[in-house]
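When the letters of the sequence shown are read in order and numbered with our numbering, they come out as residues 207 to 385. Worksheet for the structure shown next.
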Amino acid sequence: MNWKKVKEVVTYKGWRQIIQKTFVLPDSKEATFDTLKGGDFVTIAAFTKDLEAILVRQYRPGPEKILTSFPEGAIDKGESVIAAAARELEEETGYKAKRIVLLKEFRMAYRVDRQICVLALDCEKVSKQTLDSTEFIEIYTLPIEKFQVLLTNTADDSFTNVGTGFLALNYLTAHELLR
207 MNWKKVKEVV
217 TYKGWRQIIQ
227 KTFVLPDSKE
237 ATFDTLKGGD
247 FVTIAAFTKD
257 LEAILVRQYR
267 PGPEKILTSF
277 PEGAIDKGES
287 VIAAAARELE
297 EETGYKAKRI
307 VLLKEFRMAY
317 RVDRQICVLA
327 LDCEKVSKQT
337 LDSTEFIEIY
347 TLPIEKFQVL
357 LTNTADDSFT
367 NVGTGFLALN
377 YLTAHELLR
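Okay, structure coming up:
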């Protein structure tokens, strides 16, 4: 597994960057890979005190369709994961959590940055959304039983945070919070 990076070039720099990285592979051949850099971001598996999942629907330009997800967003430079999660949750949904728990940090194969998943518990609606000019987000809640069905529904590909959903359910079960 001896890889050696020999070159790195930013080929596109916009809201995100595409970086081409060239490596000498273990078999001594060279290969170039496109990687994406957009900054670390947090995904917030948020639940009300009644264990209703707080979900958002929004149009996504990549697949050109409306997708459902947990709230998520960028972690600002110098900001803690918990502070970013609290800020993004309130900005996107108007909800505030009584407690936020770190679930897991992910690295992805062709991304430079990290996805950090948290669980926000006992969330209450405290304000209106404060969205960016390009955000048009619909908020809704789903009872835990219906959320579990959403996670396992193989006919529906619109929910983007399946892994985070299962991490959240695992935490809720392990800590005996599911009734």
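All C-beta atoms in this analysis are idealised placements derived from N, C-alpha and C, irrespective of residue type, glycine included.
Asked, Found
"Through-space distance from M314 to L308, alpha-carbon basis", "18 Å"
"Residue range of the beta strand (DSSP E) that includes R313", "305-313"
"Classification of V262 by the beta-carbon crowding that lies within 10 angstroms, buried from 16 upward", "buried"
"Reference V212, options I250, T228, A252, I224, closest by Cα", "T228"
"Pair within 8 Å by beta-carbon distance, V274 and S364", "It should be pointed out that residue 274 corresponds to Thr in this sequence rather than to Val. Going by C-beta atoms, T274 is nearer than 8 Å to S364."
"Start-to-end residues for the alpha helix (DSSP H) that takes in E294", "287-299"
"DSSP state of G279 mapped onto helix, strand, coil", "strand"
"From G244, N208, T370, residue whose alpha carbon lies closest to that of S234", "N208"
"Reduced DSSP secondary structure (H/G/I, E/B, other) of Y316", "coil"
"Sub-8 Å separation of E278 and I250 beta-carbons", "yes"
"Cβ pair Y377, L295 closer than 8 Å", "no"
"Runs of alpha helix (DSSP H) wholly within the region 320-369 (minimum 4 residues, chain order)", "350-358"
"Segment limits, beta strand (DSSP E) that includes K255", "Careful: K255 lies outside any beta strand (DSSP E) and carries neither H nor E."
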